[in-house]
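Novice: Following this message is one structure expressed as structure tokens.
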Amino acid sequence: MTDDVNKNSSPLLSVRDLTVSFRTAQGPVRVVRNLDFDVPRGGALGIVGESGSGKSMTSLSIMGLLPKGGTATGSVRFDGTELLGLAEREMRGVRGDRIAMIFQDPLSSLNPYYKVGTQIAEAYLSHRSGVSRKQARSVAIEAMERVHIRDAARRVDHYPHQFSGGMRQRIMIAMALSMEPDLIIADEPTTALDVTVQAQILDLLSEIRQETGAGLILITHDLAVVSEVTDEIVVMREGVAVERGQVEQVFSDPQADYTRRLLDAVPRIDDEIGLMRTTDILIPSERRSVR
Amino acid sequence: MIRIAGSRLLGMIIVLFLVTLFTYAIFFLLSADPAVQICGKNCTPERIEQIRLNLGLDQPFWTQFWGYVGGLFTGRTFMVAGASVECAAPCLGYSFQTSQLVGDMIVQRLPITATIAIGAAVLWLLGGVVAGVLSAVKEGKFLDRFFAGLTLGSMSIPNYVLALALQFIFVVALGWLPFPQAVKFSDDPVQWFLNFILPWIVLAVGYAAVYTRLTRANVIDTLQENYVRTARAKGLQPGLVWRRHALRPALTPIVTIFGMDVAGLLGGAVITETVFGLNGVGKLTADSITANDQPVIMAVTLLSAFFVIVGNMVVDLLYTAIDPRVRTGASA
């Protein structure tokens, strides 16, 4: 009984001291170091950083999908269960069903050989025993309707290449939400898309969150994206969290020097001229070569 | 779909026509005089002239060529030693050396060649794909290295060396296989099977090595694809991830090459048939080149071209069926 109470008051996802390292010929390289963050139930967290800052590796280690040679240590507690070191079989029950992931490039993330309906439905067929293909198909159609794909009953039989970039990302989101997950991890979901389409996808993510009450981790290099969707933010640099806090607070009063420079690099409408400050935020090794 | 098939068919007819034209031209220009060959030892210039007239060899190139092409569609009649020989369409010519219609010679031998080609194809497809997938699964491990060595060896060893070595080992030294005898499948299936097992293996080994490498590379590439990661992120069982998201995309290109290879072999496995003394189209080719039996060489060349072109077309059509991007590409 007390356990249940604890379960409900504790955060949905609690990451403590997460360190991800890769074996290389030059010895182990730690791409994420001592990372801590929480995602409250129904909350939205933004992880921001340049490419190479370790944000994608963070999400893959939560899913237990690190590439070959990578290991994660520390603690990832999801709804009371420790995910690091969980048996592959049990981890499979979490993936897709309770934690779903949306990737950056929707074209390459969808298998060109199968209809989108099949690809949405296969998670449902895998995780729910004793369901018919017909049921799974209607789940797929319903999911496509929820991400506002018109004529879903017909489009369910189309192949990925028959959709536009934005529509493909909607398919990926439909795939993620079809299982009613507790947590959605979106890794650069708008990076491969046009600016106008980006806004639509972000609106959709916010809408889905409100509808389903799912927690969200939004990983991006784009501060503007984070400010629109999430409540809290972690700024990462070279595998380390350099700043964390509420979005408004971080935007109005950044504590870390790095965050300030990141914010300066975002073009604003009240800027005199869009001064390029990108050299300031390059990682140290690159900056040296710029000088 | 019908439009694709139609344009392919037209292309196929044009290519076949050009192959016929060039082959005929080569033999017309290079050939020793067939009349001299037919005439034999006790020959007089008058007899040679008579034969030339009978065969139409005095006619200009285009007349002879259209006569040949016409024979393919409507059949023709040959005057041989004063008698007329009827050659029904598709008439591939008459072999004066063996006194047989070329078409009949090929039809007799085609089943043997087809048996060798198809049996070997089954072996190399299964062997190559299985070894390739296993190599990809165990990338960098012992099994992968083992298959890498095996494929290198298989590709390096010439067919005829392997054939003789296997014959010596399994027939002569160990006696596990009987000496080959000419039997029909319907008469003695066991002996028939044992006759063919070594030719199948010898022919399949080289191809299997290529298919192993190809499959391994394709599977390893596909496993890097983002959609495989998506499938894992969905929590699918590993078997399903493999079957649906790794193997299907990885093996589709194999279909193309397989179709072409089998088609190419139907034109005759020259070395394997000759070494094993199997009387197929390949052996016929070797024999007629040795004897300079031009109508036969000409016909075998055309037959090979025909199989390759048809094989190409079948593969193209098959591809539109198995790859949705080709099938519905225009409507994207």
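Here the protein sequences come in this chain order: E and L.
Each residue of the first sequence is one higher than the one before, counting from 53 in our numbering.
Each residue of the second sequence is one higher than the one before, counting from 4 in our numbering.
Note that the Cβ used here is the ideal one computed from N, Cα and C, for glycine as well.
Given the structure is predicted, the values throughout are model-derived calculations rather than measurements.
By DSSP, does L/CYS90 sit in helix, in strand, or in coil?
Specialist: The sequence position of residue 90 of chain L within the second sequence is 87, counting from 1. Note: L/CYS90 maps to strand in three-state DSSP.
Novice: If you count every other CB in all the chains shown that lies within 10 Å of the CB of E/GLY182, and 16 or more means buried, which is it?
Specialist: As a working note, residue 182 of chain E is residue 130 in the first sequence. Looking at its Cβ environment, which holds fewer than 16 other Cβ atoms inside 10 Å, E/GLY182 is exposed.
Novice: Given a cut-off of 9 Å, decide if L/THR293 and L/ALA253 are closer than it, judged by their beta-carbon atoms.
Specialist: Along the second sequence, one-based indexing puts residue 253 of chain L at 250. Along the second sequence, one-based indexing puts residue 293 of chain L at 290. Going by C-beta atoms, L/ALA253 is not nearer than 9 Å to L/THR293.
Novice: Quick one: list the residues of chain L neighbouring E/MET109, beta-carbon separation under 7 Å, in chain order.
Specialist: Taking the first residue of the first sequence as position 1, residue 109 of chain E is located at position 57. None at all; the shortest Cβ gap to chain L is about 13 Å.
Novice: Among all the DSSP beta bridges, which residues are the ones paired with E/GLY267?
Specialist: Translated into the one-based positions of the first sequence, residue 267 of chain E becomes position 215. In the DSSP output, where bridge partners are listed per residue, E/GLY267 has E/LEU235.
Novice: Starting from the C-beta of L/ILE115, find all residues in its chain whose C-beta is less than 7 Å away, skip the five residues before and the five after it, and write them out in chain order.
Specialist: Reading the second sequence from its first residue, position 112 is the one you call residue 115 of chain L. LEU281, ASN282 and GLY283, listed in sequence order.
Novice: Quick one: grab the DSSP three-state call for E/MET328.
Specialist: Here residue 328 of chain E corresponds to residue number 276 of the first sequence, with the count starting at 1. For E/MET328, the pLDDT reaches just 49, beneath the cut-off of 50, and the residue's location in the model is therefore unreliable, leaving the point undetermined.
Novice: Can you tell me where the alpha helix (DSSP H) with L/ALA166 in it begins and where it stops?
Specialist: Against the second sequence, residue 166 of chain L aligns to sequence position 163. 162-169 is the extent of the alpha helix (DSSP H) around L/ALA166.
Novice: Let me know if E/GLN250 comes out buried or exposed under the rule of 16 or more other beta-carbons within 10 Å of its beta-carbon.
Specialist: To locate residue 250 of chain E, count along the first sequence from 1; it is residue 198. Buried, because 16 or more other Cβ atoms sit within 10 Å of the Cβ of E/GLN250.
Novice: Between E/ASN163 and chain L, is there a C-beta pair that is closer than 9 Å?
Specialist: Here residue 163 of chain E is taken as the residue at index 111 of the first sequence, counted from 1. Judged by the 9 Å Cβ criterion, E/ASN163 is in contact with chain L.
Novice: Take the Cβ of E/GLY79 as the centre, count every other Cβ of all protein chains shown within 10 Å, and call the residue buried at 16 or more, exposed below.
Specialist: Within the first sequence, the letter at position 27 stands for residue 79 of chain E. E/GLY79 should be labelled exposed.
Novice: Would you list the residues sitting across from E/PHE130 in a DSSP beta bridge?
Specialist: Along the first sequence, one-based indexing puts residue 130 of chain E at 78. According to DSSP, which records beta bridges pairwise, E/PHE130 is partnered with E/LEU65 and E/THR133.
Novice: Assign E/GLN298 to one of two classes, buried (16 or more other C-beta atoms within 10 Å of its C-beta) or exposed (fewer than that).
Specialist: In the first sequence, counting from the first residue as 1, residue 298 of chain E sits at position 246. So E/GLN298 counts as exposed.
Novice: From the beta carbon of L/ASP326, is the nearest beta carbon of chain E less than 9 Å away?
Specialist: In the second sequence, the residue the question calls residue 326 of chain L occupies position 323. So yes, L/ASP326 belongs to the interface.
Novice: With a threshold of 16 other CB atoms inside 10 Å of the CB of L/THR77, please say whether the residue is buried or exposed.
Specialist: Sequence index remark: in the second sequence, residue 77 of chain L carries index 74 (1-based). Answer is exposed; the Cβ neighbour count stays below 16.
Novice: Starting from the beta carbon of L/LYS141, find every residue of chain E whose beta carbon is closer than 8 Å, and list them in chain order.
Specialist: On the second sequence, residue 141 of chain L is found 138 positions in, with the first residue counted as 1. Here the premise fails: no neighbours, minimum Cβ distance about 13 Å.
Novice: Show which residues of chain L have a CB atom less than 8 Å away from the CB atom of E/GLY148.
Specialist: Along the first sequence, one-based indexing puts residue 148 of chain E at 96. Near E/GLY148 (Cβ distances below 8 Å), the residues of chain L are ALA236, LYS237, GLY238 and LEU239.
Novice: Any Cβ of chain L within less than 9 Å of the Cβ of E/PHE74?
Specialist: For the purposes of this step, residue 74 of chain E is identified with residue 22 of the first sequence, where counting begins at 1. With 9 Å as the cut-off, E/PHE74 does not count as an interface residue toward chain L.
Novice: Could you pull the DSSP bridge partners for E/MET288 from this structure?
Specialist: Counting from 1 along the first sequence, the entry for residue 288 of chain E is found at position 236. Partner(s): E/ALA293.
Novice: Can you tell me whether DSSP reads E/GLY121 as helix, strand or coil?
Specialist: Along the first sequence, one-based indexing puts residue 121 of chain E at 69. Correct three-state label for E/GLY121: coil.
Novice: So E/GLY98 is in the beta strand (DSSP E); what residue range does that whole segment cover?
Specialist: Sequence index remark: in the first sequence, residue 98 of chain E carries index 46 (1-based). Run containing E/GLY98: 96-100, per the beta strand (DSSP E) assignment.
Novice: Got a sec: is the Cβ-Cβ distance from L/ARG251 to anything in chain E below 9 Å?
Specialist: On the second sequence, residue 251 of chain L is found 248 positions in, with the first residue counted as 1. So, interface residue.
Novice: Are any of the Cβ atoms in chain E nearer than 9 Å to that of L/ARG232?
Specialist: Here the question's residue 232 of chain L lines up with position 229 in the second sequence. True, the Cβ-Cβ gap to chain E drops below 9 Å.
Novice: Three or more C-beta pairs closer than 8 Å, one from the region 109-121 of chain E and one from the region 228-245 of chain E: is that the case here?
Specialist: In short, these stretches touch, since the Cβ pair count reaches three.
Novice: Just list the residues that DSSP pairs E/SER73 with in beta bridges.
Specialist: Within the first sequence, numbered from 1, the residue matching residue 73 of chain E stands at position 21. DSSP, once it has assigned bridges, lists E/ARG82 and E/THR123 as partnering E/SER73.
Novice: Given this structure, state the Cα-to-Cα distance separating E/SER103 from L/SER138, to the nearest angstrom.
Specialist: Against the first sequence, residue 103 of chain E aligns to sequence position 51. Against the second sequence, residue 138 of chain L aligns to sequence position 135. Using only the alpha carbons, I get a separation of about 33 Å.
Novice: Can you tell me whether DSSP reads L/TYR97 as helix, strand or coil?
Specialist: Translated into positions along the second sequence, residue 97 of chain L becomes position 94. In this structure, L/TYR97 counts as strand in the three-state DSSP scheme.
Novice: Would you kindly work out how many angstroms separate the C-alpha atoms of E/GLU174 and L/THR323, rounded to a whole number?
Specialist: The count along the first sequence starts at 1 and reaches residue 174 of chain E at position 122. The count along the second sequence starts at 1 and reaches residue 323 of chain L at position 320. Distance between the alpha carbons of E/GLU174 and L/THR323 is about 24 Å.
Novice: Quick one: grab the DSSP three-state call for E/ASP88.
Specialist: Position 36 of the first sequence, counted from the first residue, corresponds to residue 88 of chain E. It is a strand residue.
Novice: Could you tell me if L/PHE25 is buried or exposed, where buried requires 16 or more neighbouring beta carbons within 10 angstroms of its beta carbon?
Specialist: The count along the second sequence starts at 1 and reaches residue 25 of chain L at position 22. Exposed.
Novice: So E/THR243 is in the alpha helix (DSSP H); what residue range does that whole segment cover?
Specialist: Here residue 243 of chain E refers to the residue found at position 191 of the first sequence. Looking at the DSSP string, E/THR243 is not in any alpha helix (DSSP H), and its letter there is neither H nor E.
Novice: State the CB to CB distance for the pair L/GLY106 and L/LEU95, rounded to an integer number of angstroms; the pair is presumed to be in contact (CB under 8 Å).
Specialist: Position 103 of the second sequence, counted from the start, is the residue given in the question as residue 106 of chain L. Position 92 of the second sequence, counted from the start, is the residue given in the question as residue 95 of chain L. At roughly 5 Å, the Cβ-Cβ gap stays under 8 Å, so L/GLY106 and L/LEU95 are in contact.
Novice: So, for E/VAL57: in the same chain, excluding its five sequence neighbours on each side, which residues have a beta-carbon less than 6 Å away from its beta-carbon?
Specialist: Locating residue 57 of chain E in the first sequence gives position 5, where the first residue counts as 1. For E/VAL57, the predicted model reports a pLDDT of 46, less than 50, meaning its position is unreliable; a value from the coordinates is still stated below. Counting only Cβ-Cβ distances below 6 Å, and skipping sequence neighbours, we find nothing.
Novice: Taking the alpha-carbon of E/ARG93 as reference, which of E/GLU290, E/ALA266 and E/TYR310 has the nearest alpha-carbon?
Specialist: Reading the first sequence from its first residue, position 41 is the one you call residue 93 of chain E. For the residues E/GLU290, E/ALA266 and E/TYR310, the minimum Cα distance to E/ARG93 belongs to E/ALA266.
Novice: So L/MET108 and L/VAL299 are supposed to be a Cβ contact under 8 Å. How far apart are they, rounded?
Specialist: As a first step, residue 108 of chain L must be located in the second sequence, where it is residue number 105. As a first step, residue 299 of chain L must be located in the second sequence, where it is residue number 296. That pair is a contact at about 7 Å.
Novice: With C-beta atoms as the reference, is E/THR76 less than 9 Å away from E/GLY121?
Specialist: If you number the first sequence from 1, residue 76 of chain E lands on position 24. If you number the first sequence from 1, residue 121 of chain E lands on position 69. The answer is yes: Cβ separation under 9 Å.
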